[in-house]
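*Asks:* Taking the numbering used here, the leading residue of the sequence shown gets 13, the next gets one more, and so forth.
Here's a structure for you.
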Amino acid sequence: MGVERVQTIASLSNNLGTIPPEFIRSEHEQPGKTTFHGPVPELPVIDLANPDQDQIIREIVEASSEWGIFQVISHGIPEEVVKEFQRVGKHFFELPQEEKEKIAKQPGMKEGYGTKLQREPEGKKTWVDFLYHNVWPPHILNYNIWPQSPPEYRKANDEYCKYLVPLVDRLFEYLSTGLGLEKNVLKEALGGENMRMLLKINYYPPCPFPDLALGVAPHTDMCTFTLLVPNDVPGLQILKDDHWVDAKYIPNSIIVHIGDQLEISSNGKYKSVLHRTTVNKDRTRMSWPVFCEPPEDLVIGPLPQLISVENPAKFKSKNYKDYAYCKLNKIPQ
Ligand code: OGA
Ligand code: NI
13 MGVERVQTIA SLSNNLGTIP PEFIRSEHEQ PGKTTFHGPV PELPVIDLAN
63 PDQDQIIREI VEASSEWGIF QVISHGIPEE VVKEFQRVGK HFFELPQEEK
113 EKIAKQPGMK EGYGTKLQRE PEGKKTWVDF LYHNVWPPHI LNYNIWPQSP
163 PEYRKANDEY CKYLVPLVDR LFEYLSTGLG LEKNVLKEAL GGENMRMLLK
213 INYYPPCPFP DLALGVAPHT DMCTFTLLVP NDVPGLQILK DDHWVDAKYI
263 PNSIIVHIGD QLEISSNGKY KSVLHRTTVN KDRTRMSWPV FCEPPEDLVI
313 GPLPQLISVE NPAKFKSKNY KDYAYCKLNK IPQ
């Protein structure tokens, strides 16, 4: 028997008006009980068209240190490129189930269409299906596990990456300068030209009890940083000063999450953000995070330039593969 997809469970649940008990979070995690509704500052929004580069850097440093997340606008990726990239991904999830299963993720593989099989410590499941595949660099791409339909899928992804790669480089430069380093230092320390980009498409079907379930459980991204475009259904929440706060949807923006490897290499100056997602009663939420990752065998630790007797290393140095293994298996780093 195949794996049960959340998309299938959702259509049954919406007919029956109930959800399976493994999707009901315990009270301390239920979004209905734990979402903060008081006055909170909004997630920082940074305008990359600002002619004052120093100001951009200051804003990025502040957001990365205090929030671990920010939204960028005027980022240089044309709106129609993002729209087309989203259209083809949505088309894939709307194909008949047997079509999607043709590229199902096999055990032990990183790429493919899937549903989280491993239950969380409390035995709970999340309300989401996903598709993973690498998008950069070109020589590692395995088009066998990319959707064949729609036929424009590949072109739309290539086009998005054509704009995303220079944006990633630009963010690396700002983040490096913000640490008081030469602009190329941070990217080099995190893989340079061997850096990889892994796309995930999250598909969160409507859920009859959005107050009780979660789309993605609280986590930090283990990569360097993540660039995410959502559809217009809100759902991303960030833990800020011990409160779960909603990220406002801003059309045409890109959400940048600081991941674990940036927190480590900056020796804690930049914070890896704890986040989760909620689901919607009536509408399908989708999001397209691209995880910028170091190569597996690269050793990452606090940058030597940032360490001194007064400011000792706060993290161990280890290769990305071992870091990922420990994180996935919940073994202390
Ligand atoms: C993730 C994630 C957030 C979102 O997939 O790692 O955090 O907005 N997604 O869907
Ligand atoms: Ni995440």
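Just so it is clear, CB atoms sit at the ideal spot from N, CA and C, and this is done for glycine as well.
1. Could you check what DSSP says for Glu-185 in three-state terms: helix, strand or coil?
2. Do Val-94 and Tyr-215 come within 9 Å of each other at the CB atom, strictly closer than that value?
3. Quick one, what's near the ligand NI if you take every residue whose CB is closer than 7 Å to any heavy atom, in chain order?
4. If you drop the 5 nearest sequence neighbours on each side, which residues of the same chain put their C-beta closer than 6 Å to that of Thr-46?
5. Considering just the uninterrupted stretch of the alpha helix (DSSP H) at Asp-334, what are its terminal residues?
6. So does the region 289-302 actually touch the region 221-239, counting three or more Cβ pairs closer than 8 Å?
7. For Gly-126, write down the residues that DSSP places opposite it in a beta bridge.
8. Measure the alpha-carbon distance for Ile-319 versus Ile-267 and round it to whole angstroms.
9. Given a cut-off of 9 Å, decide if Thr-232 and Glu-410 are closer than it, judged by their beta-carbon atoms.
10. Rounded to whole angstroms, what is the Cα-Cα separation between Val-302 and Leu-176?
11. Should Asn-27 go down as buried or exposed, given a rule of 16 or more other Cβ atoms within 10 Å for buried?
12. Helix, strand or coil for Thr-20, going by three-state DSSP, please let me know.
13. So is the beta-carbon of Gly-247 under 8 Å away from any non-hydrogen atom of the ligand OGA?
14. What's the call for Asn-146, buried or exposed, on a 16-neighbour Cβ count within 10 Å?
15. Thr-46 by DSSP, collapsed to three states: which one?
16. So Pro-266 is in the beta strand (DSSP E); what residue range does that whole segment cover?
17. For Gln-160, which residues in the same chain have their Cβ closer than 7 Å to its Cβ, ignoring the five residues on either side in sequence?
18. Ordered along the chain, which non-local residues of its own chain (more than five positions away) have a Cβ less than 7 Å from that of Ile-3?
19. Rounded to whole angstroms, what is the Cα-Cα separation between Phe-97 and Tyr-172?
20. Along the alpha helix (DSSP H) that carries Ser-299, what are the first and last residues, could you check?
*Replies:* On the basis of the coordinates in this document:
1. helix
2. No. Outside cutoff.
3. Val-228, His-231, Asp-233, Thr-238, His-269, His-287 and Pro-301
4. Trp-256
5. 332-340
6. yes
7. Phe-142
8. 30 Å
9. Residue 410 falls outside the range modelled here, since the chain spans only 13 to 345, and no answer is possible.
10. Our two residues, Val-302 and Leu-176, have alpha carbons roughly 9 Å apart in a direct line.
11. exposed
12. helix
13. yes
14. buried
15. helix
16. According to the sequence displayed, residue 266 carries Ile and not Pro. Ile-266 -> beta strand (DSSP E) spans 266-270.
17. none
18. Since the first residue shown for the chain is 13 and the last is 345, residue 3 is missing from the structure and cannot be characterised.
19. If I take the Cα positions, the gap works out to 7 Å.
20. Per DSSP, Ser-299 belongs to no alpha helix (DSSP H); it is in the beta strand (DSSP E), 297-305.
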